[in-house]
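Step one of this worksheet: look at the structure below.
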Amino acid sequence: MCLGIPGKIVAITGDLAEVDFSGVAREVSLLLCPEVHEGDYVLVHVGFAIQRLDEREALETLELFREMERSWDE
Amino acid sequence: MSEIQSDERRVASVVEEIAGLVDGGFQAMEVCGTHTVSIFRSGIRSLLPEHIELISGPGCPVCVTPIGEIDRAVRLAHRQDVVLLTFGDLMRVPGSTSSLSMARAEGSDVRVITSPLDTVEIARGEPGKKVVFFAVGFETTSPAIAAAVREAQKSGIGNLFVLSSLRLIPPALRVLLSSGKLALDGFLLPGHVSVIIGAEPYSFLPREFSSRGVITGFEPLDILEGLSMLLRQRNEGRAEIEIQYRRAVRAEGNPRALRVMDEIFIPVDARWRGLGIISDSGLALRKEFGEMDAAEAFDIPYEEVEEPPGCRCGEVLQGLIRPPECPLFGVRCTPMHPVGPCMVSSEGSCAAFHRYGGMR
Ligand code: SF4
């Protein structure tokens with residue numbers, strides 16, 4: 001239940017951001033993590049950004065996610 | 075392709091490192107249900123030396139919710155004037171006589187939401203109804219719920235109520251260690267709870283119990299690294315709280331989220347399935363938000379309910395027995411027909427053992 005998914009901020013409007021999760025766009029609240037910019041990677045939980053992620057490591061995580069998904073789907 | 079190969083190489087090298095660090099038995103508890111699932115799915119157990127034992131802890135919010143609290147939500151759902159909202163994981167958890175999904179099948183208005191902000195929208199769209207959010211979760215989820223409560227109050231919505239079953243992780247760890255029943259060499263501490271709370275709230279582990287912990291991420295590689303860090307601490311005679319999951323966890327946590335949580339909620343004594351009442355381990359709405367507290371607004375006294383006969387979920391949650399040691403495991407209790415919550419939630423250890431085969 002504490003799953004957090006990394007995504008990339010595409011656009012920000014007020015307290016809301018459009019976040020890209022490997023090609024799927026979702027609206028995410030920035031109320032808990034306001035100091036972010038377009039292009040930043042954030043960790044998202046139940047529709048809220050809860051932390052900004054280091055970009056290089058976020059990319060690595062995304063790659064691992066995809067790899068794990070592939071192996072779970074088998 | 076090359077990145078995948080390099081990941082595989084990294085996994086292989088950490089596994090080798092762990093093998094070199096093991097010296098005699100080593101028992102670690104993975105506190106968080108998301109860790110449990112990742113460990114099973116990725117087959118990490120089969121990569122580890124035999125002497126390393128991973129025990130699942132009480133970090134599945136659905137599993138530690140007492141039956142009496144499920145019953146209260148079901149009772150509310152049965153009211154004609156109520157729309158009951160909750161996260162999907164809770165729907166099938168059996169109460170003493172019914173569950174939320176049964177209530178829905180019988181015609182109650184029960185809806186699954188994915189974000190606490192949905193509650194504000196739904197309350198706005200149902201002005202003639204009382205919209206109750208049955209909120210379950212740990213520190214990861216509580217700030218988001220707090221933010222939604224604040225939004226609802228700001229926008230003057232008067233028909234949203236929160237039935238809080240929110241709980242805090244550190245007090246539960248204290249109880250586990252105080253019981254003296256577990257011989258643990260260390261904890262893999264929950265990564266996403268720690269994104270919010272940081273490292274300090276665990277400092278009592280080394281200070282009071284000479285115990286150690288590593289705040290760990292959820293990829294297989296993270297978990298292996300977390301284990302290797304724990305082993306190193308043990309071998310070097312250190313007992314500390316370290317952070318493996320550095321890409322997301324800062325030592326101070328997320329101060330903004332902590333502030334929002336503190337503005338709305340206050341720690342109260344709470345019941346945990348299997349662990350009993352733990353002081354200051356739950357979150358209730360502060361007085362200023364009292365009119366949104368479903369426990370105050372509705373007449374739903376808590377009633378103590380016996381555990382289903384034979385279910386040993388309590389001991390599973392404390393790490394005292396493995397799911398297959400429960401006589402009902404896989405016989406009368408399966409994911410299709412769960413007896414206890416540890417089999418309902420996909421993050422429960424009984425469900426994980428059942429789905430992925432109960433090896434070591
Ligand atoms: S297998 Fe089922 S009955 Fe046994 S402890 Fe787990 S949830 Fe309870």
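Going down the list, the protein sequences come from chains Z and U.
Quick note: the first sequence, position 31, residue 31 per our numbering, numbers continuous.
Here our numbering runs 74 ahead of the position in the second sequence, where the first position is 1.
The beta-carbon is built from N, C-alpha and C at its ideal position, and this holds for glycine as well.
- Runs of beta strand (DSSP E) with 3 or more residues, each lying fully within the region 83-158 of chain U, are found at 100-106 and 126-133, listed in chain order.
- When secondary structure is reduced to three states using DSSP, residue 54(Z) falls in the coil class, being assigned neither helix nor strand.
- Ligand 1 has no heavy atom closer than 7 angstroms to the beta-carbon of residue 33(Z).
- Between the alpha carbons of residue 133(U) and residue 104(U) lies a distance of about 8 angstroms.
- At least one heavy atom of ligand 1 lies less than 7 angstroms from the C-beta of residue 417(U).
- Taking 8 angstroms as the CB threshold, residue 160(U) stays off the interface with chain Z.
- A straight-line Cα-Cα distance of about 29 angstroms links residue 404(U) and residue 212(U).
- In this model, residue 413(U) and residue 402(U) are separated by some 8 angstroms (Cα to Cα).
- Residue 48(Z) has a beta carbon lying within less than 8 angstroms of a beta carbon in chain U.
- With a contact defined as Cβ atoms closer than 8 angstroms, residue 190(U) and residue 219(U) qualify at about 5 angstroms.
- Interface criterion met: the Cβ of residue 45(Z) is under 8 angstroms from a Cβ in chain U.
- The beta carbon of residue 186(U) is closer than 6 angstroms to those of 162 in its chain, skipping five residues each way along the sequence.
- Residues of the region 198-217 of chain U with a Cβ closer than 7 angstroms to any Cβ of chain Z, in chain order: 211, 212, 214, 215 and 217.
- With contacts defined as CB atoms closer than 8 angstroms, residue 234(U) and residue 197(U) qualify as a contacting pair.
- For the region 315-342 of chain U, the residues whose beta carbon sits under 7 angstroms from a beta carbon of chain Z are, in order, 321, 322, 328, 330, 331 and 334.
- Out of 368(U), 410(U), 428(U) and 406(U), the CA that lies nearest to the CA of residue 151(U) is found in 368(U).
- If you check the C-beta of residue 134(U) against ligand 1, you find no heavy atom less than 7 angstroms away.
- Between residue 261(U) and residue 285(U), the CB-CB gap stays under 8 angstroms.
- In this structure, DSSP gives residue 276(U) a helical state, which the three-state scheme calls helix.
- Residue pairing by DSSP leaves residue 411(U) without any beta bridge partner.
- For residue 198(U), the three-state secondary structure derived from DSSP is helix.
- Ligand 1 has no heavy atom closer than 7 angstroms to the beta-carbon of residue 431(U).
- Scanning chain U for C-beta atoms nearer than 8 angstroms to the C-beta of residue 29(Z) yields 189, 191, 218 and 221, reported in chain order.
- Across the region 124-143 of chain U, CB contacts with chain Z closer than 8 angstroms involve 133, 134, 135 and 136, in sequence order along the chain.
- Taking 4 residues as the minimum length, the alpha helix (DSSP H) runs contained wholly in the region 339-377 of chain U are 368-371, in order along the chain.
- Taken in chain order, the complete beta strand (DSSP E) segments of 3 residues or longer contained in the region 179-266 of chain U are 184-186, 204-211, 234-241 and 260-264.
- Across the set 96(U), 107(U) and 129(U), the C-alpha of 129(U) shows the shortest separation from the C-alpha of residue 393(U).
- Listed in chain order, the non-local C-beta contacts of residue 427(U) below 6 angstroms within the same chain comprise 397, local neighbours out to five positions each way being set aside.
- DSSP links residue 316(U) through a beta bridge to 288(U).
- Taking a C-beta distance under 8 angstroms as the contact criterion, residue 305(U) and residue 167(U) do not qualify as a contact pair.
- In this structure, the CA atom of residue 377(U) is about 39 angstroms from the CA atom of residue 51(Z).
- When the Cα atoms are used, residue 389(U) and residue 348(U) turn out to be separated by approximately 6 angstroms.
- C-alpha of residue 254(U) to C-alpha of residue 373(U): approximately 39 angstroms in a straight line.
- The three-state reading of DSSP puts residue 383(U) in coil, since its state is none of H, G, I, E or B.
- In terms of beta-carbon proximity, residue 264(U) lines the interface with chain Z, with at least one pair separated by less than 8 angstroms.
- Listed as beta-bridge partners of residue 29(Z) by DSSP are 16(Z) and 48(Z).
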